[in-house]
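Participant:
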Amino acid sequence: MKTKLLIFLAMGMLAITSCTKYPPATSRLTEDLVIYTKYDVSVNFRDYKTFAIVPKITYINGNDSSYLTDANAMALLNRIAADMTDRGFAKVDSNAHPDLGINVTAIKTTTSTVYYPGWYWGYPAYYSPDWWGYPGYDYYYPYYPTYITSYSSGTVIIDLVDFKVKKDNKIMVRWNAYIRALLTGNHTQSEILQSVDQAFTQTPTLKTTPLAN
Amino acid sequence: MKKIILILTVFVFIAGMAQSQDKPASLGFKPSSYYTFSWNTTFTMGDFNKWVGNTSPAGFDLGGRYFIQGGWVAGFNITWQRVSQSYGYQTAYFTDGSAITATNYRFTWMVPFQGVIAYHFVPDKMVSPYIGLGIGGDYMEHHVLIQEYDIYKTRWDFSLTPEIGALIKFGYFSQWGALVAFNYKWTTNKIDFEKYNWTSKDLQMLNLKIGLTYILR
Chain D
1 MKTKLLIFLA MGMLAITSCT KYPPATSRLT EDLVIYTKYD VSVNFRDYKT FAIVPKITYI
61 NGNDSSYLTD ANAMALLNRI AADMTDRGFA KVDSNAHPDL GINVTAIKTT TSTVYYPGWY
121 WGYPAYYSPD WWGYPGYDYY YPYYPTYITS YSSGTVIIDL VDFKVKKDNK IMVRWNAYIR
181 ALLTGNHTQS EILQSVDQAF TQTPTLKTTP LAN
Chain W
1001 MKKIILILTV FVFIAGMAQS QDKPASLGFK PSSYYTFSWN TTFTMGDFNK WVGNTSPAGF
1061 DLGGRYFIQG GWVAGFNITW QRVSQSYGYQ TAYFTDGSAI TATNYRFTWM VPFQGVIAYH
1121 FVPDKMVSPY IGLGIGGDYM EHHVLIQEYD IYKTRWDFSL TPEIGALIKF GYFSQWGALV
1181 AFNYKWTTNK IDFEKYNWTS KDLQMLNLKI GLTYILR
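So the sequences go chain by chain: D and W.
Position 118 of the first sequence, counting from 1, maps to 118 under this note's numbering, and the rest follow consecutively.
Position 23 of the second sequence, counting from 1, maps to 1023 under this note's numbering, and the rest follow consecutively.
(1) Alpha carbon to alpha carbon, what distance is there between D/L77 and D/P55?
(2) Report the start-end ranges of each alpha helix (DSSP H) in the segment 1029-1103 of chain W that is 4 residues or longer and not cut off at the edges.
(3) Got a sec? Which residues, its chain only, sit under 6 Å from W/E1141 by beta carbon, not counting five neighbours each side?
(4) So, at 7 Å on beta carbons, what are the nonlocal neighbours of D/N61 in its own chain, with the 5 sequence-adjacent residues on each side left out?
(5) Thinking W/E1163 and W/N1189 are a contact (beta carbons under 8 Å), I'd like their distance in whole angstroms, please.
(6) Would you check if the distance between the CB atom of W/T1234 and the CB atom of W/I1146 is smaller than 9 Å?
(7) What are the boundary residues of the alpha helix (DSSP H) that W/Q1204 is part of?
(8) Look at the Cβ atom of W/M1045, then the Cβ atom of W/Q1175, and state whether they are nearer than 9 Å.
(9) Hey, how far is the Cα of W/G1177 from the Cα of W/V1073?
(10) Would you please verify whether the beta carbon of D/V156 is less than 9 Å from any beta carbon of chain W?
(11) Any beta carbon of chain D sitting closer than 9 Å to that of W/G1097?
(12) Can you check whether the CB of D/D40 is closer than 9 Å to the CB of D/R174?
(13) Would you check if the segment 79-91 of chain D and the segment 117-125 of chain D touch, i.e. whether three or more CB-CB distances between them fall below 8 Å?
(14) For chain D, check one thing: does any of its Cβ atoms lie closer than 9 Å to the Cβ of W/Y1107?
(15) Quick check: is the beta carbon of W/Y1093 nearer than 9 Å to any beta carbon in chain D?
(16) Can you list, in chain order, the residues of the segment 161-194 of chain D whose Cβ is nearer than 7 Å to any Cβ on chain W?
(17) Would a check of beta-carbon distances place W/A1181 closer than 9 Å to chain D?
(18) Quick one: grab the DSSP three-state call for D/A73.
(19) Counting only beta-carbon separations shorter than 9 Å, does D/T203 have a partner in chain W?
(20) So what does DSSP say about W/D1124, is it helix, strand or coil?
(21) Would D/T208 and D/R79 qualify as a contact pair, given that the criterion is a beta-carbon distance under 9 Å?
(22) Does the distance from the CB of D/P129 to the CB of D/I157 come in under 9 Å?
(23) Is it right to say D/Q198 is buried, meaning 16 or more other beta carbons lie within 10 angstroms of its own, or is it exposed?
(24) Using only the alpha-carbon positions, how far apart do D/G242 and W/Y1089 sit?
(25) Check each candidate in W/E1194, W/T1213, W/L1208, W/N1207 and name the one with the smallest Cα separation from W/A1092.
(26) Who are the near neighbours of D/L211 in its chain, counting only those whose CB is closer than 8 Å to its CB and skipping five residues on each side?
(27) Can you look up D/L193 in the DSSP assignment and give me helix, strand or coil?
(28) Taking Cβ positions, are W/A1181 and W/S1038 nearer each other than 9 Å?
(29) What does a CB cutoff of less than 7 Å around W/A1025 pick up in its chain, not counting 5 residues either side in sequence?
(30) Please compile the residues from chain W whose C-beta is within a distance smaller than 7 Å of the C-beta of D/Y39.
(31) Output yes if chain W places a C-beta closer than 9 Å to the C-beta of D/L33; else output no.
(32) Against D/Y143, what residues of chain C qualify as contacts under a CB-to-CB distance less than 8 Å, listed in chain order?
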């Protein structure tokens, strides 16, 4: 009698502890591509006409940083530039005082990592405000950025910075995109470029009226 | 699958009715009450099925029923249930200027609590089929998980649950037994995520309960 009662109670406790509200993380957090974007809702991108993009992708691997310049990296940079052009922005050289600048970073990790936006700005290979011709300036988020948790082995980050409206020696980040799992090697070049397109597609306000010729 | 479960439940029900004629009337006893602990499998229906189409075995049920007169019992049921399903890539937009495109995972977590009245046709027999009706409410949380993002709404509702089942004693005089029951549940609960472009009303489901019963004389 006591044994049966104990079995009954044990089953009850097992059920209570196993039937949690949230499903197991392994069944809902995957290493599939995740495209996350955020923009400064106070900014009107129609006030901006030109942009420049860095010539290389900053590559952060552990504590080291370097540059990616291979064909895949160039294809990624070209696609970002093409998406900006499609939205009415004119591409200019970095020394031509563009309204907007685009920095691109690739982060390779082999462990679960929490990315707080902007931590990668401190790496030597990251394109600082100095490189853009603004020594003594710092990058800054005018909106509350959201960190992203990575369970995958790579993330590509695109920062769109504002050279037109500067305040207190700060260069504002007006839009950023995190594309997770781009560096896992599981995705084709076409999927990678489509992910870049999606980052722009899901920010419909990121467009301007082209300058008259 | 649903048909098989329905056929099995009806079979148990009919078998219980039939055995009342085969066994001597002196065998068995009429319980004064019984307590159930059941594993609950949920089959969503209608709009709810479009929200989450998967059959879900994640659920359990606790109940107590007391014989009030003849074969009539009154009691209660408290249940924990979760239905969930993973979906493909979708984009969610938020008012703070952020947007995310990723695989989506939807789930609804339910805590129904109901008063129950039921009628046992042959309460003193080893297999005792019954029909019943549960009346009560549910606490439901509807979630959309987009990787790290959790968009959810909480809803309370009114619900009705007609049920057929059988209490099966492990022996003619055993105080332990099994419960097999099948019910249809109608609720006033709804799912409405404007930004996710989703609305479902009057959530309905079928539930299969299989469990242990402790019977008091």
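Every residue gets a Cβ at the ideal spot worked out from N, C-alpha and C, and that includes glycine.
Facilitator: The structure says:
(1) Residue 55 of chain D sits at position 55 when you count from the first residue of the first sequence. Residue 77 of chain D sits at position 77 when you count from the first residue of the first sequence. Straight-line Cα distance between these residues: approximately 8 Å.
(2) Scanning the segment 1029-1103 of chain W for uninterrupted alpha helix (DSSP H) segments of 4 residues or longer gives 1046-1051, listed from N- to C-terminal end.
(3) As a working mapping, residue 1141 of chain W is identified with position 141 in the second sequence. Around W/E1141: W1109, Y1152, T1154.
(4) Numbered from its first residue, the first sequence carries residue 61 of chain D at position 61. If we look at D/N61 and ignore the five residues flanking it on each side, its Cβ neighbours are K108.
(5) Walking along the second sequence from the start, residue 1163 of chain W turns up at place 163. Walking along the second sequence from the start, residue 1189 of chain W turns up at place 189. Actually they are not in contact, since the Cβ atoms of W/E1163 and W/N1189 sit about 18 Å apart, beyond 8 Å.
(6) One cannot answer for residue 1234 of chain W here, as it falls past the ends of chain W, which runs 1001 to 1217.
(7) Here residue 1204 of chain W refers to the residue found at position 204 when the second sequence is read from its first residue. Segment 1204-1216 is the beta strand (DSSP E) holding W/Q1204; no alpha helix (DSSP H) there.
(8) Here residue 1045 of chain W refers to the residue found at position 45 when the second sequence is read from its first residue. Here residue 1175 of chain W refers to the residue found at position 175 when the second sequence is read from its first residue. It is not a contact, given that the beta carbons lie outside the stated cut-off.
(9) The count along the second sequence starts at 1 and reaches residue 1177 of chain W at position 177. The count along the second sequence starts at 1 and reaches residue 1073 of chain W at position 73. Taking the straight line joining both Cα atoms gives about 17 Å.
(10) Counted from its first residue, the first sequence places residue 156 of chain D at position 156. Closer than 9 Å: no.
(11) Residue mapping note: residue 1097 of chain W aligns to position 97 of the second sequence, counting from 1. True, the Cβ-Cβ gap to chain D drops below 9 Å.
(12) Taking the first sequence and counting its residues from 1, the one referred to as residue 174 of chain D is at position 174. Taking the first sequence and counting its residues from 1, the one referred to as residue 40 of chain D is at position 40. Cβ distance < 9 Å, so D/R174 and D/D40 count as in contact.
(13) By the Cβ test, the segment 117-125 of chain D is not in contact with the segment 79-91 of chain D, since fewer than three Cβ pairs between them sit closer than 8 Å.
(14) As a position in the second sequence, residue 1107 of chain W is number 107, starting the count at 1. Going by the sequence as given, residue 1107 of chain W is Phe instead of Tyr. W/F1107 counts as touching chain D.
(15) Locating residue 1093 of chain W in the second sequence gives position 93, where the first residue counts as 1. Chain D contact via Cβ: present.
(16) Per Cβ criterion, the list is empty.
(17) As a working mapping, residue 1181 of chain W is identified with position 181 in the second sequence. No, no contact with chain D.
(18) Translated into positions along the first sequence, residue 73 of chain D becomes position 73. In the structure shown, D/A73 sits in a helix (DSSP, three-state: H, G or I).
(19) Position 203 of the first sequence, counted from the start, is the residue given in the question as residue 203 of chain D. D/T203 counts as touching chain W.
(20) For this step, residue 1124 of chain W is matched to residue 124 along the second sequence. Residue state, collapsed to three classes: coil.
(21) What you label residue 208 of chain D is simply residue 208 of the first sequence in a count that begins at 1. What you label residue 79 of chain D is simply residue 79 of the first sequence in a count that begins at 1. No. Outside cutoff.
(22) The residue given as residue 129 of chain D occupies position 129 in the first sequence. The residue given as residue 157 of chain D occupies position 157 in the first sequence. Taking 9 Å as the Cβ cut-off, D/P129 and D/I157 do not qualify as a contacting pair.
(23) One-based indexing of the first sequence puts residue 198 of chain D at position 198. It is buried - the Cβ of D/Q198 has at least 16 other Cβ atoms within 10 Å.
(24) Limits of chain D in this structure are 1 at one end and 213 at the other, which puts residue 242 of chain D out of reach.
(25) The residue given as residue 1092 of chain W occupies position 92 in the second sequence. The shortest Cα separation from W/A1092 among W/E1194, W/T1213, W/L1208, W/N1207 belongs to W/E1194.
(26) For this step, residue 211 of chain D is matched to residue 211 along the first sequence. Hits under 8 Å: K49, T50, A90.
(27) In the first sequence, the residue the question calls residue 193 of chain D occupies position 193. Three-state result, D/L193: helix.
(28) Within the second sequence, residue 1181 of chain W is the residue found at index 181, counting from 1. Within the second sequence, residue 1038 of chain W is the residue found at index 38, counting from 1. Cβ atoms of W/A1181 and W/S1038: closer than 9 Å.
(29) Translated into positions along the second sequence, residue 1025 of chain W becomes position 25. The predicted model places W/A1025 with a pLDDT of 48, which falls under 50 and marks its position as unreliable, so this point remains unresolved.
(30) Translated into positions along the first sequence, residue 39 of chain D becomes position 39. Those within 7 Å of D/Y39 in chain W are G1097.
(31) In the first sequence, counting from the first residue as 1, residue 33 of chain D sits at position 33. Closer than 9 Å to some Cβ of chain W, the Cβ of D/L33 qualifies, so yes.
(32) Checking the listed chains, one finds no chain C in this structure; the protein chains it contains are D and W.
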